[in-house]
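S.K.: Please find one structure pasted underneath; my questions will follow.
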Amino acid sequence: MLRFIKYVLQYFKHQRQDLTVPQQTDDMFHSIPGYTTIETNIDNQPIPGTITQSISKEERILQSPNGELITHSNKKGIHCGCGHLIYTIESNGQQPGLGSRCPICAAQAVQLLNRGDVTLDQAEAMSLCCSKCSARCEGCGINVCRRHIHQFIGLDNSRAWLCDECVKQAERDKFFKQTLTIMFSPFLDDNSLPPPAKKRGPNEL
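The numbering used here numbers the first residue of the sequence shown as 866 and each following residue consecutively.
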């Protein structure tokens, strides 16, 4: 008898705890039998530049069959193209926020969308990256994901982080300068150049 009373007390103690279930769907939420929704608060934050992407948090106050109130939290995040899941737009130090919309990933996603390989929702998510994976190109200034940023080393050993297009242009310029240096190096050698002409004085004319 005492064991049964202890079990009942632990059961109701557990039911009074707040429940936070990330990525829980409405179907899962409504599957709790006998519970009635008393109040619902929804905070929805659309992602700029997208149609289908948003970050939302839903809090519901439920009433159990015996009259107890339970707070149920449901978070809806975004699985970005960088592979990370974000639940906030602004980074809070513990969790990464939304970094940027990578135009290179977006162009690749459009190609997949036009072929019918992905949906619009999937294509827009693929173009996003979190704050930890976002980087700024030092050439053109666009924000791209970590997959499309590269460290370029110049002829003078200078280093810069460049996107795909900028690093291609930088490599072409580097190759062109190297070619010119090899072609004209014999003419630029100090030993191969003729000595400068001696200036004549006014009495030597």
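The C-beta atom is built at its ideal place from N, Cα and C for all residues, glycine as well.
Express the C-alpha separation of I1018 and R1037 in angstroms, rounding to a whole number.
M.R.: Distance between the alpha carbons of R1037 and I1018 is about 13 Å.
S.K.: Between the region 912-924 and the region 982-989, do three or more beta carbon pairs fall short of 8 Å?
M.R.: Contact between the region 912-924 and the region 982-989 is present, because at least three Cβ pairs lie under 8 Å.
S.K.: Run through DSSP, which three-state label would H1015 get?
M.R.: Three-state result, H1015: strand.
S.K.: Anyone know if the C-beta pair for S929 and Y900 falls short of 8 Å?
M.R.: In contact: S929 and Y900 (Cβ atoms closer than 8 Å).
S.K.: Along the chain, where does the beta strand (DSSP E) that runs through V1009 open and close?
M.R.: Segment N1008 to C1010, the beta strand (DSSP E) holding V1009.
S.K.: Expressed to the nearest angstrom, what Euclidean distance is found between the alpha-carbon atoms of K922 and K940?
M.R.: Whole-angstrom Cα-Cα distance: 5 Å.
S.K.: Who are the Cβ neighbours of S996 in its own chain at under 7 Å, not counting the five residues just before and after it?
M.R.: Excluding positions up to five away in sequence, the list reads S956, P961, G962, L963 and G964.
S.K.: Using the Cβ count rule (16 or more neighbours within 10 Å means buried), how would you classify S992?
M.R.: Buried, by the Cβ-count rule.
S.K.: Are there 16 or more other CB atoms within 10 angstroms of the CB of R966, so buried, or fewer, so exposed?
M.R.: It counts as buried.
S.K.: Identify whether Q960 lies in helix, strand or coil by the three-state DSSP scheme.
M.R.: DSSP places Q960 in coil when its eight states are reduced to three.
S.K.: As a quick exercise: from I912, F1049, D982 and G1004, pick the residue whose alpha carbon is nearest that of C945.
M.R.: Looking at the Cα atoms, I912 is the closest of the given residues.
S.K.: Rounded to a whole number of angstroms, what is the C-alpha to C-alpha distance between F894 and L977?
M.R.: In this predicted model, F894 has a pLDDT of only 46, less than 50, meaning its place in the structure is not dependable; the value taken from the coordinates is given anyway. Each residue's Cα considered, the two are about 33 Å apart.
S.K.: Where does I903 land, buried or exposed, given buried means 16+ other C-beta within 10 angstroms?
M.R.: That one is exposed.
S.K.: Can you tell which of A1035, R1011, P968 and C1002 has its C-alpha closest to the C-alpha of W822?
M.R.: Here the chain covers residues 866 to 1070 and nothing more, so residue 822 does not appear.
S.K.: Of the choices E1030, C994, G1004 and Q1034, whose alpha-carbon is the least far from that of I954?
M.R.: When only C-alpha atoms are compared, the closest one is C994.
S.K.: By Cβ distance, which residues of its chain are closer than 6 Å to R925, with the 5 residues on each side in sequence left out?
M.R.: Closer than 6 Å at Cβ, skipping near neighbours: T902, T905 and H937.
S.K.: Tell me whether M866 sits in a helix, a strand or coil according to DSSP, three-state version.
M.R.: Below a pLDDT of 50, predicted positions are generally treated as unreliable, and M866, at 49, falls in that range; the measurement from the model is reported next regardless. Of the three classes helix, strand and coil, the one that applies to M866 here is coil, per DSSP.
S.K.: Which parts of the region 971-1008 are runs of the beta strand (DSSP E), unbroken and 3 residues or longer, counting only runs that do not cross its ends?
M.R.: Entirely contained in the region 971-1008, the beta strand (DSSP E) runs reaching 3 residues are, in chain order, 993-995 and 999-1001.
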